[in-house]
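Protein chains in written order, with my numbering: chain G, 1 to 308; chain U, 309 to 868.
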Amino acid sequence: MTEYFIKRLILAVPVLFGVSVAVFLMMHLIPGDPALAMLRGQPTVTPADIDRVRHQMGLDDPLPIQYLKYIGRVFQGDFGESVKAHRPVLTMIQEQAWPTIQLALAAMVLAVAIGVTLGTISALRQNTWVDTLSMVLALFGVSMPSFWLGLILIYVFSVRLEWLPITGQGGWKRLIMPAVALGLDFSAVTARLVRASLLEVLRQDYILAARAKGLRGRTVVTRHALRNALISVVTIIGLQFGFLLSGAVVIETVFARQGIGRLAITAILAKDFPLVQGIVLVSAVVYVAINLLVDLSYSFLDPRIHYR
Amino acid sequence: MLRQTELVTEFKSGRINRREFAKRAMALGLSGPVITSIILASPSMATAAPAPASSTVARLQEGGGTFVFGAWQTPDTMDPQKTGLAATGRILANVFDPLLWRFPGDEKFYPGLAESWDISADGLTYTFKLRQDVKFHNGEPFNAAAVKATFDREADPANSTLETLPRGFDRADVIDDFTVNIVFSSPYAPFLILLAANTWVTLPPQYAKDNVEGMSLTPPGTGPFVVKEYVAGSHVALERNPDYNWAPSYFGRQGPALLEKIDWRIIEESGTRAATLEAGETHMIEEIVPAQFETFSSNPDLQVILQDAIGCPRTVHLNCTKAPTDDKLVRQAMSYAVDKSIITDVIFKKTVMPAYGPLEKLTPGYNPEVESYYAFSPDKANELLDQAGWVKDGDTRTKDGQELKALFIVIAKDNFDEPAQVIQSQFKDVGITLELTTEAEPTVFNTYNRGDQNLANIFWWGADPESLYSLYHSSQIEQGFNWAHYTNPDVDALLEQGYIESDDAKRMDLYKQAQILIMEDAPCIPVWGKRATLAGKKSISGINWNPRVYPLHYNTTLGE
Numbered sequence: 001m002t003e004y005f006i007k008r009l010i011l012a013v014p015v016l017f018g019v020s021v022a023v024f025l026m027m028h029l030i031p032g033d034p035a036l037a038m039l040r041g042q043p044t045v046t047p048a049d050i051d052r053v054r055h056q057m058g059l060d061d062p063l064p065i066q067y068l069k070y071i072g073r074v075f076q077g078d079f080g081e082s083v084k085a086h087r088p089v090l091t092m093i094q095e096q097a098w099p100t101i102q103l104a105l106a107a108m109v110l111a112v113a114i115g116v117t118l119g120t121i122s123a124l125r126q127n128t129w130v131d132t133l134s135m136v137l138a139l140f141g142v143s144m145p146s147f148w149l150g151l152i153l154i155y156v157f158s159v160r161l162e163w164l165p166i167t168g169q170g171g172w173k174r175l176i177m178p179a180v181a182l183g184l185d186f187s188a189v190t191a192r193l194v195r196a197s198l199l200e201v202l203r204q205d206y207i208l209a210a211r212a213k214g215l216r217g218r219t220v221v222t223r224h225a226l227r228n229a230l231i232s233v234v235t236i237i238g239l240q241f242g243f244l245l246s247g248a249v250v251i252e253t254v255f256a257r258q259g260i261g262r263l264a265i266t267a268i269l270a271k272d273f274p275l276v277q278g279i280v281l282v283s284a285v286v287y288v289a290i291n292l293l294v295d296l297s298y299s300f301l302d303p304r305i306h307y308r
Numbered sequence: 309m310l311r312q313t314e315l316v317t318e319f320k321s322g323r324i325n326r327r328e329f330a331k332r333a334m335a336l337g338l339s340g341p342v343i344t345s346i347i348l349a350s351p352s353m354a355t356a357a358p359a360p361a362s363s364t365v366a367r368l369q370e371g372g373g374t375f376v377f378g379a380w381q382t383p384d385t386m387d388p389q390k391t392g393l394a395a396t397g398r399i400l401a402n403v404f405d406p407l408l409w410r411f412p413g414d415e416k417f418y419p420g421l422a423e424s425w426d427i428s429a430d431g432l433t434y435t436f437k438l439r440q441d442v443k444f445h446n447g448e449p450f451n452a453a454a455v456k457a458t459f460d461r462e463a464d465p466a467n468s469t470l471e472t473l474p475r476g477f478d479r480a481d482v483i484d485d486f487t488v489n490i491v492f493s494s495p496y497a498p499f500l501i502l503l504a505a506n507t508w509v510t511l512p513p514q515y516a517k518d519n520v521e522g523m524s525l526t527p528p529g530t531g532p533f534v535v536k537e538y539v540a541g542s543h544v545a546l547e548r549n550p551d552y553n554w555a556p557s558y559f560g561r562q563g564p565a566l567l568e569k570i571d572w573r574i575i576e577e578s579g580t581r582a583a584t585l586e587a588g589e590t591h592m593i594e595e596i597v598p599a600q601f602e603t604f605s606s607n608p609d610l611q612v613i614l615q616d617a618i619g620c621p622r623t624v625h626l627n628c629t630k631a632p633t634d635d636k637l638v639r640q641a642m643s644y645a646v647d648k649s650i651i652t653d654v655i656f657k658k659t660v661m662p663a664y665g666p667l668e669k670l671t672p673g674y675n676p677e678v679e680s681y682y683a684f685s686p687d688k689a690n691e692l693l694d695q696a697g698w699v700k701d702g703d704t705r706t707k708d709g710q711e712l713k714a715l716f717i718v719i720a721k722d723n724f725d726e727p728a729q730v731i732q733s734q735f736k737d738v739g740i741t742l743e744l745t746t747e748a749e750p751t752v753f754n755t756y757n758r759g760d761q762n763l764a765n766i767f768w769w770g771a772d773p774e775s776l777y778s779l780y781h782s783s784q785i786e787q788g789f790n791w792a793h794y795t796n797p798d799v800d801a802l803l804e805q806g807y808i809e810s811d812d813a814k815r816m817d818l819y820k821q822a823q824i825l826i827m828e829d830a831p832c833i834p835v836w837g838k839r840a841t842l843a844g845k846k847s848i849s850g851i852n853w854n855p856r857v858y859p860l861h862y863n864t865t866l867g868e
């Protein structure tokens, strides 16, 4: 298994390399002079000023040189300096990381809890009104834009009922609405998936055998059936994590929470090249790591899966 | 008569509010209708600061409190010379004092960190005599050396500053500890007005040199508030400066600010910002959308403050080098075809006023004669298009086999989408087919400078009429903001002269002439005037404005 792990680790490198090249090219090939945009507020702007700012931003070198310089520094742990804030990119990301991690974890936990519960109930009561209701709820969950849902939650729970604070981070009260808004559509996907997986598993012979042995229904479901159904859920968690990160951008803005998502938006709008590149690279590393963990977890869930 | 005039001036400059004005005006014998007409003619609906009696001040200073303000944009950096955003400027206006002050609607300069100033006869040397009792928030003394160091810092490219030096700036000379000369190689008449608008604020020399990161997070200034903490994307924490004792006389009192703290929270999403005000999580918010204006106005616990801006209004630039807008008759017809009231009254629900000229109404040197140009008249528009040879052909017009079509590239997310659609339909009424596309900043700037468009949208925040140079001088085509690609040597000459004319009255006259020439050539359609918008708890009062229309909180009180 260590072989497998190392192999996957090595394969991650070209993925990350490809990501960094793609981001680098994308930001530079979009037409538009960031120097002019940055100078817009000043009383008088001369061509000399524009040249000076371009030079400050390192835009004078040809593209390949710019990229090589960048990658060289990355390997030394220097992700560059934000053009706007003049502070190291890595520091800025580190400062904003924890609230996003909190939000993503909370949303994931909520989503899995709701999804697995709904999915299990639906599967066990297949084709009854419970099943239909759960699936309709799941449909709503998937259809509601998280942005809209966030504002509705704010309106109901903060403005009208005054139960929860709206903005900021710290404490469970500030986490609950953003986590719900972010996690709801993931929970819907999970519910449907669990339902489908569980239905398939419940038809297997070994389930019949377990029942025949006299095991209680609950034990059958939790120890035997769910465990096998969860493999697909775990896979989905890994893949959905990417969507969770991008959803965090919207939710963090709506709830004025600190986080990488909001940092990314500000950086993109300001054409702050180094910061955008840093955020994407870090996100890519995290995403690859999570999926690696997911792959490794299979062996715990299903001992039949061996790695060569 | 003299007392009545003084009273009116005080009201117009925002130092007394409507109720106070009406009361005192009645006492002075002004009749009801006269009072009402003066109030209605007042350009802004700002609730101004009544000068508090000293006993009130004592009581209020005990109050203090923390003012929670919901801002719409996060600062990029807190360094005054490196920031490119008005969002940062708004905070820094309370942290850094200018050498001298000026306020919208008031023509006077008020001494600030400089007690007095002199301009040499040739207009090249400004001598400032500085106050001797001022300290920076970190304890460094404010003096002539600090002023010189500020300009030196900007001049040194190694510092990567974004702020540009004043045009024609040569050097700053320390004459003695508290006298500094700013020397120019060519006259720069807007200098004092721009200084008063918080451009080139004095930085603490030692701190700025030793602590580059600190300057971008918690820069020490000399203002009534100190930056205690800045967390990017989250908030800026300001605290009262207990040593502050050099406020301009305009504010009506001396000593530290009334508020104890300001919690400047950054909440980009306007719906969320509004929710925080309604839920009581913030005391005041900025940048409200027209729909929220109605909700807030009808809420008895809240007030809405609209402050007219200075600079160039929301304008459509007509490309003078690309057909069909290269024809002056077509441009004039387009100007006649637009009914601005639909935009201001329906789209913006009367939260803004129509604009008539290339400058905003409160800008020094605004020429009211521009208001007689191009009043909405589809008949005149049709007449001019006929004259230009565009023959009506059903819904459109043709000439030499070509259809009368124009391209409007609208800047994305700039609040111009709906007005553009209104203009499109109004053009259609006179036979002009307007195609609309959008493009985002900053790539659209390149497109505009290339001249791909017939119509562009633009606005400008500025404190001085020299803003016209950036938008209408021929040197600003292709690399600046003259998106109308407009060239008029007479206008060029007037705008250039405007930089060097030392007599203020003569200088304003030059700009007034330029405005008329511009209106005659019609390279632009001014549409609506910008406003700074604030909504907050009704009990809040005492907000003043600087020439960049940044709110000043020296006299602000929560009133709770």
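Ideal Cβ positions, reconstructed from N, Cα and C, are used throughout, including at glycine.
Here the structure is a predicted model, which is why all the values come from computation and not from measurement.
Requested in this report: Please confirm if the region 169–182 of chain G is in contact with the region 211–219 of chain G, defined as three or more CB-CB distances below 8 Å between the two stretches.
Outcome: no
Query raised in the report: Hey, is P388 of chain U's beta-carbon within less than 8 Å of any beta-carbon in chain G?
Result: The residue labelled residue 388 of chain U in the question sits at position 80 within the second sequence. With 8 Å as the cut-off, P388 of chain U does not count as an interface residue toward chain G.
Query raised in the report: By how many angstroms is the C-alpha of A497 of chain U removed from the C-alpha of Q823 of chain U?
Result: Within the second sequence, numbered from 1, the residue matching residue 823 of chain U stands at position 515. Within the second sequence, numbered from 1, the residue matching residue 497 of chain U stands at position 189. Near 18 Å, if we compare the C-alpha coordinates of A497 of chain U and Q823 of chain U.
Requested in this report: Could you work out which residues of chain G lie near T580 of chain U, taking near to mean beta carbons separated by less than 9 Å?
Outcome: Numbered from its first residue, the second sequence carries residue 580 of chain U at position 272. Those within 9 Å of T580 of chain U in chain G are G150, L151, I154, I166, T167, T253, V254, F255, A256.
Report task. Specify the secondary structure class of N757 of chain U as computed by DSSP and reduced to three states. Result -> To locate residue 757 of chain U, count along the second sequence from 1; it is residue 449. Three-state result, N757 of chain U: helix.
Query - Spatial neighbours of I650 of chain U in its chain, beta-carbon cut-off 8 Å, leaving aside the 5 residues before and after - result: Looking up residue 650 of chain U in the second sequence gives position 342. Here the set comprises V730, Q734.
Query - is_contact[G41 of chain G, chain U] using C-beta, thresh 8 Å - result: Counting from one through the first sequence, the residue named residue 41 of chain G turns up at place 41. Because the pLDDT of G41 of chain G is 49, which lies under 50, any placement of that residue in the model is unreliable, and the number read from its coordinates should be weighed accordingly. By this cut-off, G41 of chain G is an interface position.
Report task. Would you check if the distance between the CB atom of A107 of chain G and the CB atom of F186 of chain G is smaller than 8 Å? Result -> For this step, residue 107 of chain G is matched to residue 107 along the first sequence. For this step, residue 186 of chain G is matched to residue 186 along the first sequence. Yes. Within cutoff.
Query raised in the report: Quick one, which residues of the region 452–481 of chain U are near chain G if we go by CB-CB under 7 Å, in chain order?
Result: P465, S468, L470, E471, T472, R475
Query raised in the report: Beta carbon of P388 of chain U, beta carbon of L400 of chain U: below 8 Å?
Result: Counting from 1 along the second sequence, the entry for residue 388 of chain U is found at position 80. Counting from 1 along the second sequence, the entry for residue 400 of chain U is found at position 92. Contact flag set, yes.
Requested in this report: List the DSSP bridge partners of M592 of chain U.
Outcome: Within the second sequence, numbered from 1, the residue matching residue 592 of chain U stands at position 284. Per DSSP, U:F377, U:G844.
Query raised in the report: the region 535–566 of chain U: which residues have C-beta closer than 9 Å to a C-beta of chain G, in chain order?
Result: V539, A540, G541, S542, H543
Query raised in the report: Given that R573 of chain U touches chain G, what residues does it touch there, using C-beta distances under 9 Å?
Result: Residue 573 of chain U sits at position 265 when you count from the first residue of the second sequence. Chain G residues near R573 of chain U: T167, G168, A256.
Query raised in the report: Can you tell me the Cα-Cα spacing of L567 of chain U and K536 of chain U, whole angstroms?
Result: In the second sequence, the residue the question calls residue 567 of chain U occupies position 259. In the second sequence, the residue the question calls residue 536 of chain U occupies position 228. For L567 of chain U and K536 of chain U, the distance between alpha carbons rounds to 15 Å.
Requested in this report: Write down every uninterrupted run of the alpha helix (DSSP H) in the region 151–235 of chain G whose length is 4 residues or greater and which is fully enclosed by it, in chain order.
Outcome: 172–202, 205–213
**Report entry** Backbone secondary structure at S82 of chain G - three-state DSSP
**Finding:** As a working mapping, residue 82 of chain G is identified with position 82 in the first sequence. Coil at S82 of chain G, not helix or strand.
Query - Span separating the alpha-carbon of V482 of chain U from that of G850 of chain U - result: Translated into the one-based positions of the second sequence, residue 482 of chain U becomes position 174. Translated into the one-based positions of the second sequence, residue 850 of chain U becomes position 542. Each residue's Cα considered, the two are about 37 Å apart.
Query raised in the report: For chain G, is any of its Cβ atoms less than 8 Å away from the one on S606 of chain U?
Result: Your numbering for residue 606 of chain U matches position 298 in the second sequence. Not closer than 8 Å to any Cβ of chain G, the Cβ of S606 of chain U fails to qualify, so no.
Query raised in the report: P662 of chain U: beta carbon under 7 Å from a heavy atom of the ligand PLP?
Result: Absent from the structure shown: the ligand PLP. Ligands present: none.
Query raised in the report: Near D800 of chain U, what residues of its chain come up, given a Cβ to Cβ distance below 6 Å and the 5 sequence neighbours on each side ignored?
Result: Residue 800 of chain U sits at position 492 when you count from the first residue of the second sequence. H781, S782.
Query raised in the report: Quick one: what's got a C-beta closer than 6 Å to G119 of chain G's C-beta in the same chain, skipping five residues either side?
Result: Taking the first residue of the first sequence as 1, we reach residue 119 of chain G at position 119. Correct list, in chain order: A191, V194, R195.
Report task. Would you check if the region 136–147 of chain G and the region 220–232 of chain G touch, i.e. whether three or more CB-CB distances between them fall below 8 Å? Result -> no
Report task. List the whole-angstrom C-beta distance separating G844 of chain U from H543 of chain U, where the pair is believed to meet the contact cut-off of C-beta under 8 Å. Result -> The residue you call residue 844 of chain U lines up with position 536 of the second sequence. The residue you call residue 543 of chain U lines up with position 235 of the second sequence. Actually they do not touch by this definition, with Cβ atoms about 17 Å apart.
Query raised in the report: How would you list, in chain order, the residues of chain G whose beta-carbon sits under 8 Å from the beta-carbon of S493 of chain U?
Result: On the second sequence, residue 493 of chain U is found 185 positions in, with the first residue counted as 1. Correct list: empty, because the minimum Cβ distance to chain G is about 15 Å.
Query raised in the report: On the three-state DSSP scale, how would you describe V491 of chain U?
Result: On the second sequence, position 183 is the one that residue 491 of chain U refers to. Strand at V491 of chain U.
Report task. Find the residues of chain U that neighbour K84 of chain G, judging by a C-beta separation of less than 8 Å, and give them in chain order. Result -> Along the first sequence, read from residue 1 onward, the residue named residue 84 of chain G stands at position 84. Those within 8 Å of K84 of chain G in chain U are D384, T385, G392.
Query raised in the report: In chain G, which residues lie with their C-beta within 8 Å of the C-beta of A583 of chain U?
Result: Against the second sequence, residue 583 of chain U aligns to sequence position 275. Per Cβ cutoff of 8 Å: L151, I154, Y155, S158, V159, I166.
Report task. Compile a chain-ordered list of the residues in the region 587–611 of chain U whose CB is closer than 9 Å to at least one CB of chain G. Result -> A587, G588, E589, T590
**Report entry** Length of the line joining the Cα atoms of I265 of chain G and F243 of chain G
**Finding:** Here the question's residue 265 of chain G lines up with position 265 in the first sequence. Here the question's residue 243 of chain G lines up with position 243 in the first sequence. Rounded to the nearest angstrom, the two C-alpha atoms are 16 Å apart.
**Report entry** Proximal residues, the region 259–282 of chain G versus chain U, C-beta separation under 9 Å
**Finding:** G259, R262, L263, I265, T266, L269, A270, K271, D272
Query raised in the report: Secondary structure at M353 of chain U, three-state DSSP: helix, strand or coil?
Result: Locating residue 353 of chain U in the second sequence gives position 45, counting from the first residue. Because M353 of chain U sits at a pLDDT of 42, beneath the cut-off of 50, its placement in the model cannot be relied upon, and the following sentence gives the value as read from the coordinates. The answer is coil: DSSP assigns M353 of chain U none of H, G, I, E or B.
Query raised in the report: With contact counted as at least three CB pairs below 8 Å, one residue from each stretch, are the region 741–758 of chain U and the region 706–724 of chain U in contact?
Result: yes
Requested in this report: Identify the contact partners of E521 of chain U in chain G, using a Cβ-Cβ distance below 9 Å as the criterion.
Outcome: Translated into the one-based positions of the second sequence, residue 521 of chain U becomes position 213. Simply H86, R87.
Query raised in the report: Residues in its own chain within less than 7 Å of Q258 of chain G by CB, not counting five upstream and five downstream?
Result: Position 258 of the first sequence, counted from the start, is the residue given in the question as residue 258 of chain G. Contacts found: Q96, P99, Q169.
Requested in this report: Measure the Cβ-Cβ separation of N627 of chain U and N790 of chain U and say whether it is below 8 Å.
Outcome: Translated into the one-based positions of the second sequence, residue 627 of chain U becomes position 319. Translated into the one-based positions of the second sequence, residue 790 of chain U becomes position 482. Contact flag unset, no.
Report task. Report, in whole angstroms, the separation of the C-beta atoms of L103 of chain G and L182 of chain G, which I expect to be a contact under 8 Å. Result -> For this step, residue 103 of chain G is matched to residue 103 along the first sequence. For this step, residue 182 of chain G is matched to residue 182 along the first sequence. Rounded, the Cβ-Cβ distance is 6 Å, consistent with contact.
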